[in-house]
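Just below is one structure, and these are the notes that go with it.
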Amino acid sequence: MSLKLVILGDACVGKSCLINKFTTQQFREFEEPTIGAAFQAVRVSDAYLTLEVWDTAGQERFRSLAPMYYRDARVALICYDITNKKSFESAKYWYKQIEENGNKDCIKIIVATKADLVDQREVEEVERYIKIANVSYFMETSAKTGKNINKLFNLAAREGSVVYRRGESSGNRRSRKKGGRLCNNWERLGKEAEEEKIFGNNCC
Ligand code: GDP
Ligand code: MG
Numbered sequence: 022m023s024l025k026l027v028i029l030g031d032a033c034v035g036k037s038c039l040i041n042k043f044t045t046q047q048f049r050e051f052e053e054p055t056i057g058a059a060f061q062a063v064r065v066s067d068a069y070l071t072l073e074v075w076d077t078a079g080q081e082r083f084r085s086l087a088p089m090y091y092r093d094a095r096v097a098l099i100c101y102d103i104t105n106k107k108s109f110e111s112a113k114y115w116y117k118q119i120e121e122n123g124n125k126d127c128i129k130i131i132v133a134t135k136a137d138l139v140d141q142r143e144v145e146e147v148e149r150y151i152k153i154a155n156v157s158y159f160m161e162t163s164a165k166t167g168k169n170i171n172k173l174f175n176l177a178a179r180e181g182s183v184v185y186r187r188g189e190s191s192g193n194r195r196s197r198k199k200g201g202r203l204c205n206n207w208e209r210l211g212k213e214a215e216e217e218k219i220f221g222n223n224c225c
């Protein structure tokens, strides 16, 4: 199974660094965006799924990211930089965009970046926003120190796959068709790993 994950947020909040820290375990100060998607296996329960991780190529500067980029995403990481208040306002904007134009089951995670720069923190009012906007997932990260990076992507994979399975068992025609196709990509952990255990009987 593979899940599409997109990353959103202002330019320079650290999106490319976050993704590259996860996929290569390295932090490089000047990070190029990934062209196309990066594929990364993540272990969930007793099997692996593939995260299809999409980075932007700078279109966020003009807020012109086409809904096409995120419409079919199962998970959206909506990032702001803790040292930049404006980027937090933009994160609220992107959150709403996904709510309105994204997949209705998309898992939306608000991601605070650059947590290592605590002494320059500008954004303090996150908790209030999370309550008001009914945000389900929030995580503070640092690509530089590695803080919460693996935890973030594990959460994304786990929650994304739960929603995927729920779509499968709801009998929704469209998602069942999609699921059948995606299940062919499921990477088994060993001969013993059975898809039925993970997806239920509707799988494939
Ligand atoms: P993007 O435009 O959102 O993709 O941002 P980049 O990933 O290119 O990062 C923008 C800048 O922030 C670069 O100078 C990075 O070195 C810096 N940066 C990214 N993540 C971190 C972090 O966790 N800590 C610190 N201190 N700097 C970071
Ligand atoms: Mg980038």
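Under this note's numbering, the letters of the sequence shown match residues 22 to 225, in that order.
Don't be surprised by glycine CBs; every beta carbon is placed ideally from N, CA and C.
Checklist line | C-alpha distance - S196 paired with T77, whole-angstrom precision | finding: The residue you call residue 196 lines up with position 175 of the sequence shown. The residue you call residue 77 lines up with position 56 of the sequence shown. Its pLDDT being 39, under 50, S196 is placed unreliably in this model, and the value from its coordinates should be taken loosely. For S196 and T77, the distance between alpha carbons rounds to 26 Å.
Notebook entry, point to check: On the three-state DSSP scale, how would you describe A62?
Noted result: By 1-based counting over the sequence shown, the position of residue 62 is 41. A62 falls in the strand class under three-state DSSP.
Note to self: Using only CA atoms, which one of I130, G181, F174 and S23 lies nearest to I40?
What the structure shows: As a first step, residue 40 must be located in the sequence shown, where it is residue number 19. If we check each option's Cα against that of I40, F174 comes out closest.
Next item on the list: Name the one or two DSSP bridge partners that I56 has.
Entry: Here residue 56 is taken as the residue at index 35 of the sequence shown, counted from 1. Looking at the DSSP assignment, I56 forms no beta bridge with any residue, so it has no partner.
Notebook entry, point to check: Which value, in whole angstroms, describes the spacing of the CA atoms of S23 and P88?
Noted result: Looking up residue 23 in the sequence shown gives position 2. Looking up residue 88 in the sequence shown gives position 67. Those two C-alpha atoms are separated by around 20 Å.
Margin query: Just list the residues that DSSP pairs S23 with in beta bridges.
Written below: Here residue 23 corresponds to residue number 2 of the sequence shown, with the count starting at 1. Beta-bridge pairing links S23 to T71.
Checklist line | Among N155, Y101 and I128, the one whose alpha carbon lies nearest that of A136 | finding: As a working mapping, residue 136 is identified with position 115 in the sequence shown. Among N155, Y101 and I128, the Cα nearest to that of A136 belongs to Y101.
Note to self: Just to confirm before moving on: does the CB-CB distance between T162 and T134 stay below 8 Å?
What the structure shows: Here residue 162 refers to the residue found at position 141 when the sequence shown is read from its first residue. Here residue 134 refers to the residue found at position 113 when the sequence shown is read from its first residue. A contact, by the Cβ cut-off of 8 Å.
Margin query: Check this for me: beta carbons of D93 and K25, under 8 Å apart or not?
Written below: In the sequence shown, residue 93 corresponds to position 72, counting from 1. In the sequence shown, residue 25 corresponds to position 4, counting from 1. Their beta carbons are under 8 Å apart, which means D93 touches K25 by this criterion.
Item checked: Residue(s) in a DSSP beta bridge with M89 -> The residue labelled residue 89 in the question sits at position 68 within the sequence shown. According to DSSP, M89 bridges with nothing at all.
Check: Would the beta-carbon of S111 be found less than 7 Å away from any heavy atom of the ligand MG?
Finding: Against the sequence shown, residue 111 aligns to sequence position 90. No, the ligand MG has no heavy atom inside 7 Å of this Cβ.
Notebook entry, point to check: Count the other CB atoms within 10 Å of the CB of G200; is the residue buried (16 or more) or exposed (fewer)?
Noted result: Looking up residue 200 in the sequence shown gives position 179. No answer about G200 holds up, because its pLDDT of 31 lies below 50 and its placement is not dependable.
Notebook entry, point to check: Counting Cβ pairs, one atom from each stretch, are 3 or more of them under 8 Å apart for the segment 101-119 and the segment 60-70?
Noted result: no
Notebook entry, point to check: Do I119 and Y150 have their C-beta atoms closer together than 8 Å?
Noted result: On the sequence shown, position 98 is the one that residue 119 refers to. On the sequence shown, position 129 is the one that residue 150 refers to. Their beta carbons are not under 8 Å apart, which means I119 does not touch Y150 by this criterion.
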